[in-house]
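K.L.:
Before anything else, here's the structure in question.
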Amino acid sequence: ISPLSTAAEPWPENAALYQQLKDEQILLSDNASSLAVQAFLQMCNLPIRVVCRANAEYMSPSGKLPFIHVGNQVVSELGPIVQFVKAKGHSLSDGLDEVQKAEMKAYMELVNNMLLTAELYLQWCDDVTVEEITHPRYGSPYPWPLNRILSYQKQWEVKRKMKAIGWAGKTLEQVLEDVDQCCQALSQRLGTQPYFFNKQPTELDALVFGHLFTILTTQLITDELSEKVKNYSNLTAFCRRIEQQYFEGHDKDSSTIAARSAKKSLLR
Amino acid sequence: MAAPMELRCWGGDWGLPSVHPESLTVMAYAKFSGAPLTVNTLSSFWKAPKGDIPVLISEDKVISQPAKILNFLRKQKYNADYELSAKQGADTLAYIALLEEKLLPALLHTFWIEAENYCSVTKPWFASRIAFPLSLYLPGKMSSEALNRILLTKGGPPLYSLTEVEAQIYRDAKECLNLLSKRLGTSQFFFGDTPTTLDAFVFGFLAPIYKVCFPRVQLQEHLKQLPNLCRFCDEILTCYFRLSVSGHSPAGQDTADANLQKLTQLVNKESNLIEKMDDNLRKSPQHPPRKLTTLKLAAGGEESSPFSRLSP
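Listed in order, the protein sequences are those of chains F and X.
Counting along the first sequence from 1, when you hit position 207 you're at 207 in UniProt numbering, and nothing is skipped either side.
Counting along the second sequence from 1, when you hit position 188 you're at 188 in UniProt numbering, and nothing is skipped either side.
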């Protein structure tokens, strides 16, 4: 993406965010990532509409979700989207000094390293969850046997990656402990402040909100994952605050977010 | 005191106690927290249990990854993070995640994948420390594991060739080094004047980049442009490992090391010391037995006891 061409065009009205089908197909980790991007764009006051497509994963330039379609450009994943938005002149982290920016990047890596990997582990490497939730959901738009083939293929890919980073040998308890450690660190860093960098939300707040809110409102086989987050009251208050401030006023989004929190279940 | 603990890890060269980042992290933490480890560097590989290096052996427990080893040391009361606040503890976790995501791929690449480096330096070095015939097989296996890790975590589309992936990981690594340098600023360690877990991890990752002499050194050159990080590594090497910058360890380091360890243990175990002193107070004939709490309320006649508590 050349900065000159992106800066020239203002943010269009018909910008779209693509993710998988909300009720039948999308999984925990993708939902978290998508919500993080939505929160970030809301915080920047940039309008976006959410479009659900069964083949969203294949449309994405990097294979990862979500991706946004703005003007004639397609950008995927939170990191590149933040940079793209910055090239257009909107940024949430301009007010931070260098040390704070370093901290923000470090905490974003912590969330990606621990929370996202734990979500992936839970949905692709824990046999019960895989059988009962992931396999049925992931291939649901496709006919048999394509649905099984696609989801086995994806599972094999994720397991390879887990093995390469050393998570294949972990048990579920160890993964949950890691999640707890990560939540404890986030809770201690947040303290009693409204946002991570006191007055204004940044992309870190969007990322943390995306993951924690999804964990809290998604029903899995057991509640162990969401219990780990619920242990930290300032984190749940943080999620509620961001939800109220950035999501409840918007018609098109309220059906996704508020309904989800009301039903407290995304699956089954 | 804990049972004697033995650490098996890769040995050192080029002025470093170990060339392997994870081994170096554990050794640095042990020095910072005063844990008495006997370090056995690997010279014939089949003695080590199957699995990762470094590995800590204490009585009959075998613990293998750096994070787990450090946890174990903390449980044995060798805690270098004693004075950190909760927020600083959280920052530690975050920065370690940053190191693993952004710096480790480039480090692995420099050591194991960059063809010139691997063939002329890494492979002969590791092969010379592994017994035949494993020396023919193991370095190759470590190299392909490193490549696998990098490709699986960083190598998806839109990066389609290895050169693009390499360019991206070195960009990330240089940015990570810049961030670390800004965070360190002018202070001696990352959280003030005493080294902690984060310092151990940063040292473990930076020192091999800094010191090992490779033919292809773009990361080292970038690091040398950040003088506070270089100073950080050199200081830890001279103060805690008693190796001068050129790599020769002076004689007589043992007594100084032992003193440093004793000092660190005293600080870490201050609650035990206070209890022991209190017992001594009660047993000694000059002072009538009294409880600790009454000292706060007393004035005048009982001032002698606080002073005697402070005396060593």
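Every residue gets a Cβ at the ideal spot worked out from N, C-alpha and C, and that includes glycine.
Against Leu110 (chain F), what residues of chain X qualify as contacts under a CB-to-CB distance less than 7 Å, listed in chain order?
P.N.:
Leu93, Ala94 and Ala97
K.L.:
Take the Cβ of Val117 (chain F) as the centre, count every other Cβ of all protein chains shown within 10 Å, and call the residue buried at 16 or more, exposed below.
P.N.:
Reading off the sequence shown, one finds Thr at residue 117 (chain F), where the question assumed Val. Buried is the call here.
K.L.:
For Cys44 (chain F), which residues of its own chain have a beta-carbon under 7 Å away from its beta-carbon, when the five flanking residues on both sides are left out?
P.N.:
Val85, His90 and Leu92
K.L.:
Mind checking if Met43 (chain F) is an interface residue toward chain X, Cβ cutoff 9 Å exclusive?
P.N.:
Chain X contact via Cβ: absent.
K.L.:
If I measure Cβ to Cβ from Gln218 (chain X) and keep anything under 7 Å in the same chain, skipping five residues before and after, which residues do I get?
P.N.:
Once the five neighbours on either side are set aside, the close Cβ partners of Gln218 (chain X) are Tyr170.
K.L.:
Indicate whether at least one CB of chain A lies closer than 9 Å to the CB of Val50 (chain F).
P.N.:
Among the protein chains of the structure shown, namely F and X, there is no chain A.
K.L.:
Check each residue of the stretch 165-185 of chain F: if its Cβ is closer than 8 Å to any Cβ of chain X, include it; give the result in chain order.
P.N.:
Of all residues in the stretch 165-185 of chain F, Ile165, Gly166, Gln181, Cys182, Gln184 and Ala185 have a Cβ within less than 8 Å of some Cβ in chain X.
K.L.:
What is the DSSP secondary structure of Lys87 (chain X), counted as helix, strand or coil?
P.N.:
helix
K.L.:
Is the CB-CB distance between Ser128 (chain X) and Ser120 (chain X) below 9 Å?
P.N.:
no
K.L.:
Assuming Phe126 (chain X) and Pro139 (chain X) make a contact with CB atoms under 8 Å, what is their CB distance in whole Å?
P.N.:
5 Å
K.L.:
According to the neighbour-count rule (16 or more other Cβ atoms, all chains shown, within 10 Å of its Cβ), is Trp124 (chain F) buried or exposed?
P.N.:
buried
K.L.:
If contact is defined by three or more beta carbon pairs under 8 Å, each pair taking one atom from either stretch, is the stretch 63-73 of chain X in contact with the stretch 159-173 of chain X?
P.N.:
no
K.L.:
Straight-line CA distance for Ser18 (chain X) to Ser226 (chain F)?
P.N.:
The alpha-carbon atoms of Ser18 (chain X) and Ser226 (chain F) are separated by roughly 42 Å.
K.L.:
Determine, using beta carbons only, whether Leu13 (chain F) comes closer than 9 Å to chain X.
P.N.:
First, the amino acid is wrong: residue 13 (chain F) is Glu here, not Leu. Cβ-Cβ to chain X under 9 Å: no for Glu13 (chain F).
K.L.:
What are the boundary residues of the alpha helix (DSSP H) that Leu134 (chain X) is part of?
P.N.:
Leu134 to Lys154
K.L.:
Can you tell me the Cα-Cα spacing of Asn55 (chain F) and Arg49 (chain F), whole angstroms?
P.N.:
17 Å
K.L.:
Figure out for me which residue from X:Leu99, X:Glu166, X:Ala207 and X:Asp234 has the closest Cα to the Cα of Glu114 (chain X).
P.N.:
Of the candidates X:Leu99, X:Glu166, X:Ala207 and X:Asp234, the one whose C-alpha sits nearest the C-alpha of Glu114 (chain X) is X:Glu166.
K.L.:
Please name the residue in X:Pro4, X:Leu93, X:Gln65 and X:Ala80 whose C-alpha comes closest to that of Ala185 (chain F).
P.N.:
X:Leu93
K.L.:
Measuring alpha carbon to alpha carbon, tell me which of X:Asp279, X:Leu107, X:Asp199 and X:Ser58 ends up nearest Phe214 (chain X).
P.N.:
If we check each option's Cα against that of Phe214 (chain X), X:Leu107 comes out closest.
K.L.:
With a threshold of 16 other CB atoms inside 10 Å of the CB of Phe132 (chain X), please say whether the residue is buried or exposed.
P.N.:
exposed
K.L.:
Is it buried or exposed, Ala90 (chain X), if we count other Cβ atoms within 10 angstroms and call 16 or more buried?
P.N.:
buried
K.L.:
Pairing CB atoms from the stretch 17-31 of chain X with CB atoms from the stretch 192-206 of chain X, are three or more of them under 8 Å?
P.N.:
yes
K.L.:
Unbroken alpha helix (DSSP H) runs of length 4 or more, entirely within the UniProt domain "Metaxin glutathione S-transferase" (180-242) of chain F: which are they?
P.N.:
203-217 and 224-230
K.L.:
Would you say Glu166 (chain X) lies against chain F (beta-carbon separation less than 9 Å)?
P.N.:
no
K.L.:
Pull up the CB-CB distance for Leu24 (chain X) and Pro195 (chain X), whole angstroms please, since I reckon it's below 8 Å.
P.N.:
Between Pro195 (chain X) and Leu24 (chain X) the Cβ distance is about 13 Å, and since that is not below 8 Å, they are no contact.
K.L.:
Can you find the residues in the same chain that come closer than 6 Å, C-beta to C-beta, to Ser76 (chain F), ignoring five residues on each side of it along the sequence?
P.N.:
Ser60, Pro61, Ser62, Lys64 and Phe67
K.L.:
Going by DSSP, what residues sit across from Ala16 (chain F) in a beta bridge?
P.N.:
F:Arg49 and F:His69
K.L.:
Can you check which of these residues, X:Leu16, X:Gly12, X:Asp52 and X:Ser33, is closest to Ile165 (chain F) by C-alpha distance?
P.N.:
X:Asp52
K.L.:
Tell me the DSSP bridge mates of Val39 (chain X)?
P.N.:
X:Leu7
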